[in-house]
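Notes follow once the structure below has been shown.
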Amino acid sequence: MRVNSEILAALSEATPGLRRYARALGAGAAAAVADGLTQSALQSVGARLFARELRPAGPEEARLEAYIALTALAARKKLDAPPPGPRHPAIVHGLAALPFEERAVLLLISLEGFGYDAVARIVGAPRENVLTWLRRARRALAGDVAAAETTE
């Protein structure tokens with residue numbers, strides 16, 4: 003089967019963003035873990051494309067499928083990062099302290115620029131849950147930043 007070259011190009015272009023997301027999702031985890039997740043997600047989507055199990059309508063949907071695969075893999079692997087070291091910035095410590103769902107939602111919206119409906123699809127949860135998790139994550143990080151500023 004021949005996969006649309008536009009879809010493959012979109013997945014290739016999505017790779018740096020996927021890697022960035024995986025590294026932030028695993029706040030404090032080794033870069034090799036994030037790179038392995040990215041590679042596994044892309045291989046999963048590629049295999050589904052070639053097997054005709056996945057037929058994205060266009061490049062953006064293919065990109066979305068890659069983020070879905072990466073998030074699902076990270077959730078299955080319980081990518082709750084070990085505590086970051088003292089050399090990591092405060093934001094990394096704050097991200098690592100968040101529950102997985104809150105961290106994923108915050109990063110997908112704030113770092114990757116997805117809308118609420120796309121994030122709901124990526125994490126496999128209703129939009130209302132996404133909004134709740136986002137609100138909690140923002141509050142927690144705002145509290146962490148305020149606490150860090152008072153101790154400096």
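Numbering (this note's numbering), first residue to last: 3 to 154. In this text, a Cβ means the ideal position worked out from N, Cα and C, and glycines have one as well. In this text the structure is predicted, and so the values were computed from the model without any measurement.
Annotation for PRO18: the continuous alpha helix (DSSP H) segment containing it runs 7–27. Between the alpha carbons of LEU109 and ASP37 lies a gap of roughly 17 angstroms. GLU62 sits exposed, since fewer than 16 C-beta atoms from the chains shown fall within 10 Å of its C-beta.
If you check the CB distance, GLU67 and LEU75 do not come in under 8 angstroms. Residues ILE9, ALA64 and GLU67 of the same chain have their beta carbon placed closer than 7 angstroms to that of PRO58, with the five preceding and five following residues left out of the count.
Taking every protein chain shown into account, the CB of ARG129 has fewer than 16 other CB atoms within 10 angstroms, so this residue is exposed.
The C-beta distance from LEU113 to LEU72 rounds to 13 angstroms, too long to fall under 8 angstroms, and the pair is not in contact. With a beta-carbon spacing of about 6 angstroms, ALA33 and ARG25 fall inside the 8 angstroms limit used to define contacts.
Taking the CA atoms as reference points, ALA49 sits about 21 angstroms from VAL35. In this model, ARG141 and ARG54 are separated by some 42 angstroms (Cα to Cα).
Pairing ALA31 with TRP135, the inter-Cα distance amounts to about 22 angstroms. Following the DSSP letters along the chain, one finds HIS95 inside the alpha helix (DSSP H) bounded by residues 92–99. Contact check for LEU133 against TYR118 passes: the beta carbons are separated by less than 8 angstroms. Note on geometry: alpha-carbon atoms of PHE52 and GLU103 lie some 30 angstroms from one another.
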